[in-house]
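I have placed the structure first, in the form of structure tokens, so that the comments after it can refer back to it.
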Amino acid sequence: MSANPAAAAPPKAKSKKMLIIGVVVALLVIAGGAAAWFVMSSRHAADDEEGAEAKPHAPAAPKVAPTFLPIDNMVVNLADTGGERFAQIGITLELADAKTAEQVKLYLPSIRSAVLMLVSQRTSEELLGREGKEKLAADIRREVSKPLGFTVPKPHKRPASQEAEDEEDAPRAKPAADTNPVRQVLFSSFIIQ
């Protein structure tokens with residue numbers, strides 16, 4: 002048996018070819034990954050530059066949780082004819098911070114008096130509806146804000162037909178920034194008898 006030198010050469014050549022192909026594929030994968038990383042990082046850098054030009058980086062002000070100040074329940078005679086109806090109302094004030102709560106506490110007797118006067122001018126019919134409660138809450142917010150030096154504008158009352166026309170015709174204006182530290186008046190109880 003004679004060995005054929007040509008038959009032995011192909012396995013060696015095949016392994017060299019496979020090795021070269023493997024190295025080329027590995028280099029292509031590495032080059033492709035590097036190119037993808039470069040493109041992604043340059044896009045990210047471009048986005049950062051555009052964002053920096055549009056608005057400068059400013060540290061976001063940390064959100065401060067509101068402070069809630071409950072006010073003792075109040076029992077008030079209502080303005081119904083006969084004077085036999087009354088309301089028991091529990092109020093909690095949502096305030097911007099604890100400092101505002103301390104300021105409100107200083108004026109609490111005059112605030113309670115103003116709230117009693119507001120409620121005593123309402124009828125049970127006015128207070129039974131949602132609109133009446135919302136108007137009362139806005140009026141109470143106005144009274145609580147006065148001693149702190151803030152004013153709350155009264156909402157303009159227009160006929161419903163005119164409001165519907167205005168909403169369709171005019172675009173809504175942006176509300177002005179509200180700097181009042183008295184954020185809301187919340188009712189914790191509301192009983193009318």
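Residue numbers (the working numbering): 2 to 194.
We put the CB at the ideal spot given by N, CA and C, even for glycine.
Quick one: Cα of residue i to Cα of residue j, how far?
i: L94; j: A36; result: 59 Å
i: A88; j: Q194; result: 6 Å
i: S189; j: D73; result: 10 Å
i: L128; j: A99; result: 31 Å
i: A165; j: E126; result: Below a pLDDT of 50, predicted positions are generally treated as unreliable, and A165, at 49, falls in that range; the measurement from the model is reported next regardless. Cα-Cα distance, rounded: 25 Å.
i: V183; j: R142; result: 7 Å
i: F191; j: I90; result: 5 Å
i: L137; j: P148; result: 18 Å
i: F151; j: E144; result: 10 Å
i: S43; j: G33; result: 15 Å
i: S146; j: K64; result: 22 Å
i: P154; j: V77; result: 25 Å
i: G130; j: P71; result: 23 Å
i: F69; j: S111; result: 19 Å
i: M41; j: E135; result: 53 Å
i: L17; j: V24; result: In the sequence as presented, Leu is not what sits at residue 17; that position holds Lys. Using only the alpha carbons, I get a separation of about 11 Å.
So for residue i, helix, strand or coil by DSSP?
i: F1; result: Examination of residue 1 is not possible in this model, given that the chain is present from 2 through 194 alone.
i: T213; result: Residue 213 is absent from the model: the chain starts at 2 and stops at 194.
i: V153; result: coil
i: P71; result: strand
i: Q104; result: helix
i: G130; result: coil
i: G84; result: coil
Here's the rule: buried if 16 or more other CB atoms are within 10 angstroms of the residue's CB, otherwise exposed. What is residue i?
i: T82; result: exposed
i: I31; result: exposed
i: V186; result: buried
i: L29; result: exposed
i: V26; result: exposed
With distances taken Cα to Cα, identify the nearest neighbour of residue i among the options.
i: D179; options: K17, A97, A14, F69; result: A97
i: I92; options: N181, S16, V120; result: V120
i: A80; options: Q104, R123, K18, G130; result: R123
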